[in-house]
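Student: Under our numbering, think of the first position of the sequence shown as -17, with each following residue one higher.
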Amino acid sequence: MGFERVFDIGPLFRVEKKVSSRHMTEFTGLDFEMVINKHYEEAMDMVEALLLHAVHGLQTDDKYHDAVTTLKESTIEGIGSFKYPSNGKGPRITFLQAKALLRTECGLLKTDDNENFTAQEEKALGQFMRELYQKDRTDIFTITEFPSCMRNFYAVPDSHGSGKARAFDVILRGQEVVFGGEHIHLFSQLRDAMRQHQHALDPDADIWKHYTSAFKADMPPRAGCGVEVNRVFQGSLELQDIRDATSFPRDALCLVP
């Protein structure tokens, strides 16, 4: 029997031409994949608990006190004001519900239901959920039911043929920190999904064989996600720039030290 949960943490590299307060070409990623019994919400529960534990630890654990104090003195005020969900679990809204909130509550009337969220839209949603959301005002929430065309080929589509994927993003302090969902576990379904993807892939190509061959052994239903650790650190301590959450930041303009 294989492992029911697998975790991996390490450096990730991305061709990123943007120079902004939230983008780097090298960052630390935490990825995990887990067996699910009934629903991909099990992965949401897992990563949300992990994030809340990390945020709480950074803000309250004595061993981080000196480092956090130094950051507070050298960057901005406001560190430590993270709003936790009252019941220990952040709100969950669908992609279309989030788009509707942007129009009706955030004044962003031109948001497009056929486009993913912009940085401005994520920030606006984060501010609304923190200050005005009536059910549970908090700095962490999850957006679900993304259109399949916005996700990777291995995302499991909704069983009702709605064009949605069983996928989610976690927003922490107004920016995406987690990208996840239920992932295809059947060999034949995976091959079909690769061929039918908007950027069609050949499952028999040598570059994919090491990946697709693993599914011949009968995978269990699974879900997982990727966590951008630097963004979690940035959001936890309310840092304005992700470089302040990184020892040696790398972006399109900086390769040294």
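Glycine residues also receive a C-beta, built at the ideal position from the N, C-alpha and C atoms.
(1) Can you tell me where the alpha helix (DSSP H) holding Gly208 begins and where it ends?
(2) The alpha helix (DSSP H) spanning Gln180 covers which residue range?
(3) For Leu172 and Ile166, what's the separation of their Cα atoms in angstroms?
(4) Check this for me: beta carbons of Asn212 and Phe9, under 7 Å apart or not?
(5) With DSSP as the reference, identify every bridge partner of Asp151, one or two as the case may be.
(6) Helix or strand or just coil, what does DSSP make of Lys117?
(7) By Cβ distance, which residues of its chain are closer than 7 Å to Tyr22, with the 5 residues on each side in sequence left out?
(8) Taking the alpha-carbon positions, what's the Asp118 to Pro73 distance?
(9) Excluding the 5 residues flanking Ile122 on each side, which residues of the same chain have their C-beta closer than 6 Å to its C-beta?
(10) Check for me: the alpha helix (DSSP H) holding Asp27 runs from which residue to which?
(11) Once you ignore the five residues that flank Ala234 on each side, which residues in its own chain have a CB closer than 7 Å to its CB?
(12) Rounded to whole angstroms, what is the Cα-Cα separation between Phe230 and Leu237?
Tutor: If we stick to the structure as given:
(1) Here Gly208 belongs to no alpha helix (DSSP H); instead the beta strand (DSSP E) covers 204 to 210.
(2) It is not in any alpha helix (DSSP H) - Gln180 carries neither H nor E in the DSSP assignment.
(3) 6 Å
(4) yes
(5) Ile125, Phe161
(6) In this structure, Lys117 counts as coil in the three-state DSSP scheme.
(7) Arg148, Gly163, Glu164, Ala205
(8) So the alpha carbons of these two residues sit roughly 7 Å apart.
(9) Gly72, Leu154
(10) 23 to 42
(11) Glu(-2), Lys(-1), Val1, Thr7
(12) 9 Å
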